[in-house]
Every structure is written in structure tokens, then in C-alpha cells.
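Numbering (my numbering), first residue to last: 512 to 699. For reference, the structure discussed in these notes is given below.
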Amino acid sequence: MFARPSPRTVRWRPIDGEGLEHLQLTPKTDGGLTAQGVIIGAQDEHAFGVSYAIDCDAGWHVRRFSLQTTDGRHLAMASDGQGHWINEAGAACPAFDGCIDIDLGGTPFTNTLPIRRLALAPKDGPRRLSMLYVPFDTFEPVIDGQIYTCLSPAALYRYQAADRSFSAELPVDADGLVLDYPTLFQRV
512 MFARPSPRTV RWRPIDGEGL EHLQLTPKTD GGLTAQGVII GAQDEHAFGV
562 SYAIDCDAGW HVRRFSLQTT DGRHLAMASD GQGHWINEAG AACPAFDGCI
612 DIDLGGTPFT NTLPIRRLAL APKDGPRRLS MLYVPFDTFE PVIDGQIYTC
662 LSPAALYRYQ AADRSFSAEL PVDADGLVLD YPTLFQRV
């Protein structure tokens, strides 16, 4: 379906406003992947900078992630790949039990995680997920309901907020990376 990940660099820019994301993908010898990104931009006329790292296993389950802002905020969590999370100090975070995927508020890359992990076909219909969502303005993780539907295998997927407040059709490349995210991001 999708190509095996290869080392590559991808960039997106926001549709509205200024900013840029630079993402470096590095396959691991065990079949997993490390994604490292830097995002600069402005929100509500305030400039921001965020760097992140995400480690996935060969099945595209997030095993750990970390985020850091230029103003010193930091968040790191790890997972067993089955929806059980611990914080940086090693304490269990049962509030996020069942969240296998993460969604970082300022990047289209995290849409790739469930798209690759689920490997949906159109016959599978919509798949509802509980995501560990981290908005960049608060850095406070919350659970966010999201629905993914395959419209054309390895080519086009529908993302929908579970509360139906937002929906977008996401074209992806051979690696499952979003090409353009209508109203939000465009590949550079």
C-alpha cells in the first residue's frame, strides 16, 4: 500500500499567516521511524517556535514524543504502543488510556500516524479514534475524538472531528504524508 519509509525532509507552510514547518524523517533499523520537526509561526500576533520528536515502532504506534517551545515549555510522554501512557517522570497517565495516536496542534504530520497505522481501505468505512491531542497554545494534553475514512487507498483520506465541527479531505504522497491540508497547510 504505502512505500517503506525512507530518509527525507518535508516542509509545510500555513495557508493563512506566516510560518514554516521543517520535518526530518529517519527510518530506524527495527522498522520504526523517528520524526523530528521544527515549527515557527505566529498565533494571535504572537510569534512562537516549537520543536518536536516522535518515535514510532514498525507498526506506526507512537512509543514516545517530546515537545519544546522557544519560551521554555516542555512536554514528553511515552507509550507501550497499546494506548497506555507515562509522563517524563515515569508516572502513569490513565486519563489517556486507549489513545494510541497523538495529534500535535500545529503540524499536518501527525495525521500520517493513524493513516499509516490503520492502513484503511474504502470498504473499512469511517474509523473513530481517541487521540492524545496537544494544542500548542496550552501544551496541556487532552483527548480528542477524530474520525478517519479512506477515500482512495494510499492517496486520499477524510479527517473529521468527532463533534463534526471540522472535516477535510487530505491527499497524501507515497509515504502517507499529507500533501495539502485544505484551509490549514500546504506542502512547500
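Even for Gly, the Cβ is constructed at its ideal location relative to N, Cα and C. Quick caveat: nothing in here was measured; it's all calculated off a predicted structure.
For the pair Pro-625 and Ile-565, the Cα-to-Cα distance works out to about 14 angstroms. Distance check between Thr-694 and each of Phe-513, Ala-569, Ala-514, Trp-523 places Trp-523 closest, using alpha-carbon atoms only.
C-alpha of Asp-568 to C-alpha of Asp-541: approximately 8 angstroms in a straight line. Looking at Asp-684, Arg-698, Phe-696, Cys-604, the one whose alpha-carbon comes closest to that of Arg-515 is Asp-684.
Taking C-beta atoms under 8 angstroms as the contact rule, Cys-661 and Leu-631 qualify, at a distance of about 4 angstroms.
Gly-616 is positioned such that its CB atom lies closer than 8 angstroms to that of Phe-647.
In this structure, the beta-carbon distance from Gly-552 to Gly-583 does not fall below 8 angstroms.
When secondary structure is reduced to three states using DSSP, Pro-646 falls in the coil class, being assigned neither helix nor strand. Here Val-521 is buried. Its C-beta has 16 or more other C-beta atoms within 10 Å.
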